[in-house]
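Chemist: Sharing a structure here in structure tokens format.
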Amino acid sequence: MRPPVAGSDPMVRPKGTGRRRRRPRHPSPWHDPAMARTHPRRLPADVPGSERRVWETLRRLDDPWRVFHGVAWQSLRRGRPDDGEADFVLLHPDHGILVVEVKGGGLLVRDGEWFGRGSQGLRRIDPVEQAVSSKKALVRYLVGAIDGLERLDAGHAVWFPDVLVDTDLGPAIPDVLVLDRRDLGDAAAAIDRIVAHWRLETRLDESTVEAIGERLAPTVEIRHVLADDVAEIRARQVVLTEEQRRALDGLRRARRVIVYGGAGTGKTVLAVERARRLAADGFRVLLTCFNRPLGDALAGRFADVANVTAGNFHGLAHRWIVEAGLAFPDEPDTGFWEDRIGELALEALELLGRSFDAVLVDEGQDFLPSWFVVLEATLAHDDGPFLVFCDPHQAIYREGWEPPFAAVPYELGRNCRNTRQIAEVVARVFDDPEPTEAVEGLPVDFRAAEDDREIDRRVHEALRRLVVDERVRPGEIVVLTRARGTKDRLVGSKVAGLVLVDAERRGDGVVVETIHRFKGLEADAAIVVLDRLESDRDRALAYVGLSRARAHLVVVGPPEVGRRLGLR
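So the sequence shown is numbered by the working numbering: it starts at 1 and just counts up by one.
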């Protein structure tokens, strides 16, 4: 005879158990017309109906309660990476936190084992273990992350919103911690019973409640690097788009992932923010990239964070090799930089006894396969998070890049850096679809120039207009060139009393840099010199250079370049 299943029979009786005692109903002393604060304010469309029904009930709790849905967590558990997600976390200043695991559909308990029944048939579940793991991980994280929070009361419960549960479900979960369809009508009374069971008595002041809320559902503000000259780097605060928020939530659950995104979609921003969150959770993080100026900027961002090592791959490898006392050639050739340096870096890390809990790679399309092998070997655990952020269109150093490991790709589509006018020009380089959500801005300025002398004159004209007429600050402008010879020719020239300077000099003038070296960085205004647009390499450089401008773009080059970009 098949055991009964909740949902098809109002009585669920595991073998050898009696009828479950009906719970008394009484009004909650907390309930008043003010409703709980919910995070997010609206549920995404793909949330299961069972969770949506619980959400609608919990949001009717009174005002001191804050209700968080889908709180993903990742932490070190017994010295190894572990992750999970709490369906709901409830926060109250007079009680602490309560973790609620929701299971929709039918329920079968057979010989002490739990099974859920849905459209795919029976599946083994353990909602109690899920709730307990989330509770312990979140308490450990919050107490460690918030100054002055030495103790946090926490409880857990399991909710079956689709069925009536009228039987004891075993020693792992007392009756009072099991909610069912009847409790949808009075969440306040249900939560009241659970709080009383756990004797949740933590008293949290307003600032601590806000700090907990910020960590459970953060409002992220991220600084964008504007130039690779440290003296001119400043912060521009931007709130993450909804797509980037979803990406960050997705990355909280990821161990191996490749994040693909075009120029301006926020790959570096997400890499930095993910590194920051992992570090806050106690992970030793390695954040690396290919380009030295970008690596220097990343290192500066994390200079005061002890458990984040940031910088470009070759710079970090050189530092480790020297620190370990290994020989480094006086004049390394290309073969050394591509092959031998990775082997030496790995040897150095072994000698230093250094490893990492998580590795994040920006500019992944510029990395050789052997470098990924080295980076993976730095992980303390085989299943540690390894995230690669890349854009195949920006592969300006090598062709035919392939992802370093099998992983579910994550696609970023929205351009968050460029105005619509700039993003449209960038899209034309590779005949990509034109953007639909970028903000409006100024028209792109094209200035035709056939030879070196005319190119220099056009650059100076554009720069004079930006500084004198448009009053753009020199530190917010960059001049980018495809060819190093063009850069060398412009460096040292003067416009409106300003000197065009090499970024390495870290002067007070307008920075002139090659597109290669400025990749990964950005500026409010960019003057980009493109003397040709013929080969795939030319187009890759144009794609990178044009997309560095946030608000205003000037293109200098032959008329055929203007026609190819739709600017003539």
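Each residue gets a CB set at the ideal place from its N, CA and C atoms; glycine is no exception.
Out of D168, A131, A145, P171, state which residue places its alpha-carbon closest to the alpha-carbon of A154.
Modeler: As a working mapping, residue 154 is identified with position 154 in the sequence shown. The residue with the shortest Cα to Cα distance from A154 is A131.
Chemist: Do R473 and F356 have their beta-carbon atoms positioned less than 7 Å apart in this structure?
Modeler: Here residue 356 refers to the residue found at position 356 when the sequence shown is read from its first residue. Here residue 473 refers to the residue found at position 473 when the sequence shown is read from its first residue. In this structure, R473 does not lie closer than 7 Å to F356 by Cβ.
Chemist: Counting beta carbon pairs with one atom in the stretch 399–406 and one in the stretch 359–377, are three or more of them shorter than 8 Å?
Modeler: yes
Chemist: Looking at the strands, I want to know which residues DSSP matches up with V257.
Modeler: Stepping through the sequence shown from its first residue, residue 257 is reached at position 257. Paired residue(s): L387.
Chemist: To test your reading of the DSSP string, which unbroken alpha helix (DSSP H) runs of 4 or more residues are found completely within the stretch 505–536?
Modeler: 515–518, all fully within the stretch 505–536.
Chemist: Between the stretch 292–307 and the stretch 442–454, can you find at least three pairs of beta-carbon atoms closer than 8 Å?
Modeler: no
Chemist: Buried or exposed, going by whether 16 or more other CB atoms sit within 10 Å of the CB of R274?
Modeler: Working through the sequence shown from its first residue, we reach residue 274 at position 274. Buried.
Chemist: If you compare alpha carbons, which of F367, V512, V143, A551 is closest to G492?
Modeler: On the sequence shown, residue 492 is found 492 positions in, with the first residue counted as 1. The candidate whose alpha carbon is nearest that of G492 is V512.
Chemist: Just reading off the beta strand (DSSP E) that A449 is part of, what are its end residues?
Modeler: Taking the first residue of the sequence shown as position 1, residue 449 is located at position 449. Per DSSP, A449 belongs to no beta strand (DSSP E) and is neither H nor E.
Chemist: Within 10 Å of its beta-carbon, does L226 have 16 or more other beta-carbons around it, so buried, or fewer, so exposed?
Modeler: By one-based count along the sequence shown, residue 226 stands at place 226. Reliability fails at L226, whose pLDDT of 28 lies under 50, so the model's placement of it is uncertain and the value that follows must be treated cautiously. L226 comes out buried.
Chemist: Report back the beta-carbon spacing between W65 and S134 to the nearest angstrom; my notes put them in contact at under 8 Å.
Modeler: Against the sequence shown, residue 65 aligns to sequence position 65. Against the sequence shown, residue 134 aligns to sequence position 134. Not really, about 18 Å apart at Cβ, beyond 8 Å.
Chemist: Select from D488, F336, K519, R276 the residue whose C-alpha is nearest the C-alpha of H393.
Modeler: Numbered from 1 along the sequence shown, position 393 holds the residue referred to as residue 393. Relative to H393, the option among D488, F336, K519, R276 whose CA is nearest is K519.
Chemist: When the Cβ atoms of the stretch 252–262 are set against those of the stretch 53–62, are three or more pairs found closer than 8 Å?
Modeler: Counting Cβ pairs under 8 Å, fewer than three are found: no touch.
Chemist: Of the residues L61, H39, A303, which one's Cα is nearest the Cα of E210?
Modeler: Here residue 210 is taken as the residue at index 210 of the sequence shown, counted from 1. Closest option to E210, Cα to Cα, is H39.
Chemist: Closer than 8 Å is the cut-off here; do at least three beta carbon pairs connect the stretch 533–541 with the stretch 418–428?
Modeler: no
Chemist: Taking its Cβ as the centre, do 16 or more other Cβ atoms sit within 10 Å of L326, making it buried, or is it exposed?
Modeler: The residue you call residue 326 lines up with position 326 of the sequence shown. L326 should be labelled exposed.
Chemist: In whole angstroms, what separates the C-alpha of A348 from that of V322?
Modeler: Taking the first residue of the sequence shown as position 1, residue 348 is located at position 348. Taking the first residue of the sequence shown as position 1, residue 322 is located at position 322. Those two C-alpha atoms are separated by around 8 Å.
Chemist: Just reading off the beta strand (DSSP E) that A427 is part of, what are its end residues?
Modeler: Walking along the sequence shown from the start, residue 427 turns up at place 427. Per DSSP, A427 belongs to no beta strand (DSSP E); it is in the alpha helix (DSSP H), 420–429.
Chemist: Is the beta carbon of L463 closer than 7 Å to that of V495?
Modeler: Position 495 of the sequence shown, counting from 1, holds the residue named residue 495. Position 463 of the sequence shown, counting from 1, holds the residue named residue 463. Their beta carbons are under 7 Å apart, which means V495 touches L463 by this criterion.
Chemist: Per DSSP, which one or two residues make a beta bridge with E411?
Modeler: Counting from one through the sequence shown, the residue named residue 411 turns up at place 411. Looking at the DSSP assignment, E411 forms a beta bridge with Y260.
Chemist: Is G342 near W320, with beta carbons less than 7 Å apart?
Modeler: Position 342 of the sequence shown, counted from the start, is the residue given in the question as residue 342. Position 320 of the sequence shown, counted from the start, is the residue given in the question as residue 320. Not closer than 7 Å, so no.
Chemist: With a Cβ-Cβ cutoff of 7 Å, do V561 and L521 count as a contact?
Modeler: Within the sequence shown, the letter at position 561 stands for residue 561. Within the sequence shown, the letter at position 521 stands for residue 521. Against a cut-off of 7 Å, the Cβ pair of L521 and V561 comes out as no contact.
Chemist: Within 10 angstroms of the Cβ of L286, are there 16 or more other Cβ atoms? Answer buried if so, exposed if not.
Modeler: On the sequence shown, residue 286 is found 286 positions in, with the first residue counted as 1. Flag for L286 reads buried.
Chemist: Note down the Cα distance separating R358 from R256, rounded to an integer number of angstroms.
Modeler: For the purposes of this step, residue 358 is identified with residue 358 of the sequence shown, where counting begins at 1. For the purposes of this step, residue 256 is identified with residue 256 of the sequence shown, where counting begins at 1. The sequence given here has Ala at residue 358, not Arg. One C-alpha to the other measures close to 10 Å.
Chemist: Starting from I477, trace the beta strand (DSSP E) in both directions and tell me its first and last residue.
Modeler: The count along the sequence shown starts at 1 and reaches residue 477 at position 477. Per DSSP, I477 belongs to the beta strand (DSSP E) from 477–481.
Chemist: Alpha helix (DSSP H) containing W159: first to last residue?
Modeler: In the sequence shown, the residue the question calls residue 159 occupies position 159. First-last for W159: 154–159, but that is the beta strand (DSSP E), not the alpha helix (DSSP H).
Chemist: CB-CB under 6 Å to E411, same chain, minus the five flanking residues each way: which ones, in chain order?
Modeler: Position 411 of the sequence shown, counted from the first residue, corresponds to residue 411. So the qualifying residues of the chain are Y260.
Chemist: So, for R23: in the same chain, excluding its five sequence neighbours on each side, which residues have a beta-carbon less than 6 Å away from its beta-carbon?
Modeler: In the sequence shown, the residue the question calls residue 23 occupies position 23. Only weak support is given to the placement of R23: the predicted model assigns it a pLDDT of 40, under 50, and the question is left unresolved by the model.
Chemist: Just the Cα atoms here: how many angstroms apart are R550 and P559?
Modeler: Taking the sequence shown and counting its residues from 1, the one referred to as residue 550 is at position 550. Taking the sequence shown and counting its residues from 1, the one referred to as residue 559 is at position 559. In this model, R550 and P559 are separated by some 24 Å (Cα to Cα).
Chemist: Three or more C-beta pairs closer than 8 Å, one from the stretch 168–176 and one from the stretch 138–155: is that the case here?
Modeler: no
Chemist: Quick check on D391: buried or exposed, where buried means 16 or more other Cβ atoms within 10 Å of its Cβ?
Modeler: Residue 391 sits at position 391 when you count from the first residue of the sequence shown. The residue in question, D391, is buried, as its Cβ has 16 or more Cβ neighbours within 10 Å.
Chemist: Buried or exposed, going by whether 16 or more other CB atoms sit within 10 Å of the CB of S207?
Modeler: Sequence index remark: in the sequence shown, residue 207 carries index 207 (1-based). Label assigned to S207: exposed.
Chemist: Can you check which of these residues, R537, V528, R548, L567, is closest to V556 by C-alpha distance?
Modeler: Position 556 of the sequence shown, counting from 1, holds the residue named residue 556. Closest by alpha carbon: V528.
Chemist: First and last residue of the alpha helix (DSSP H) that includes D502?
Modeler: Sequence index remark: in the sequence shown, residue 502 carries index 502 (1-based). Per DSSP, D502 is not a residue of any alpha helix (DSSP H); the beta strand (DSSP E) it occupies stretches across 498–502.
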